[in-house]
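Only one structure is covered here, and it is reproduced in the block below.
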Amino acid sequence: MIRVTITDNMDIIKSVFSEAEENSRMAIACENEKNTGYFLFYKDGELKSYIDNDNIFELLVRSALNHLDLNGVKEGYSENSEMEGKLLLLGFKKDGEKVKVDIGEFFKPCSCCK
Numbered sequence: 004m005i006r007v008t009i010t011d012n013m014d015i016i017k018s019v020f021s022e023a024e025e026n027s028r029m030a031i032a033c034e035n036e037k038n039t040g041y042f043l044f045y046k047d048g049e050l051k052s053y054i055d056n057d058n059i060f061e062l063l064v065r066s067a068l069n070h071l072d073l074n075g076v077k078e079g080y081s082e083n084s085e086m087e088g089k090l091l092l093l094g095f096k097k098d099g100e101k102v103k104v105d106i107g108e109f110f111k112p113c114s115c116c117k
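The sequence shown begins at 4 in this note's numbering and counts up by one.
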């Protein structure tokens, strides 16, 4: 089973993402003591970058958005063009140079699931 942990330890974050800034958070996906993915995001809701070694992009995004939601952030967004297509498939909407999502809406069940 894959376990995702969120860290705000800058030493750990910078060891993976050198571009990390002071308000960075990182999701770390681990399966059987092997790290399978990393996701860099900021506490204001910006989704910044990722490393996906096991095709778990959606899990990393959901983990980051869940953390943001639990901390009162209402909107997630990204300006990373590499992630844009994948985020659009997950329900993000294009808004100029960004893709955005209302985090509360993101976690609501679809109408067919009610």
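We put the CB at the ideal spot given by N, CA and C, even for glycine.
Inset, instruction - Assign Asp-72 to one of three DSSP states: helix, strand, or coil. - result: In the sequence shown, residue 72 corresponds to position 69, counting from 1. The answer is helix: DSSP assigns Asp-72 an H, G or I state.
Inset, instruction - Let me know if Phe-42 comes out buried or exposed under the rule of 16 or more other beta-carbons within 10 Å of its beta-carbon. - result: Looking up residue 42 in the sequence shown gives position 39. The residue in question, Phe-42, is buried, as its Cβ has 16 or more Cβ neighbours within 10 Å.
Legend entry - Run of the alpha helix (DSSP H) containing Leu-43, from where it starts to where it stops: Indexing the sequence shown from 1 puts residue 43 at position 40. Careful: Leu-43 lies outside any alpha helix (DSSP H), inside the beta strand (DSSP E) at 37-45.
Legend entry - Inter-residue spacing [alpha-carbon to alpha-carbon] between Val-102 and Glu-36: By one-based count along the sequence shown, residue 102 stands at place 99. By one-based count along the sequence shown, residue 36 stands at place 33. The straight-line gap from Cα to Cα measures roughly 33 Å.
Inset, instruction - On the DSSP bridge assignment, give the partners of Asp-98 in chain order. - result: As a first step, residue 98 must be located in the sequence shown, where it is residue number 95. For Asp-98, which the question treats as bridged, DSSP gives the partners Lys-101.
Legend entry - Within 8 Å, strictly: CB atoms of Asn-26 and Tyr-45: Counting from 1 along the sequence shown, the entry for residue 26 is found at position 23. Counting from 1 along the sequence shown, the entry for residue 45 is found at position 42. Yes, these two residues count as a Cβ contact at 8 Å.
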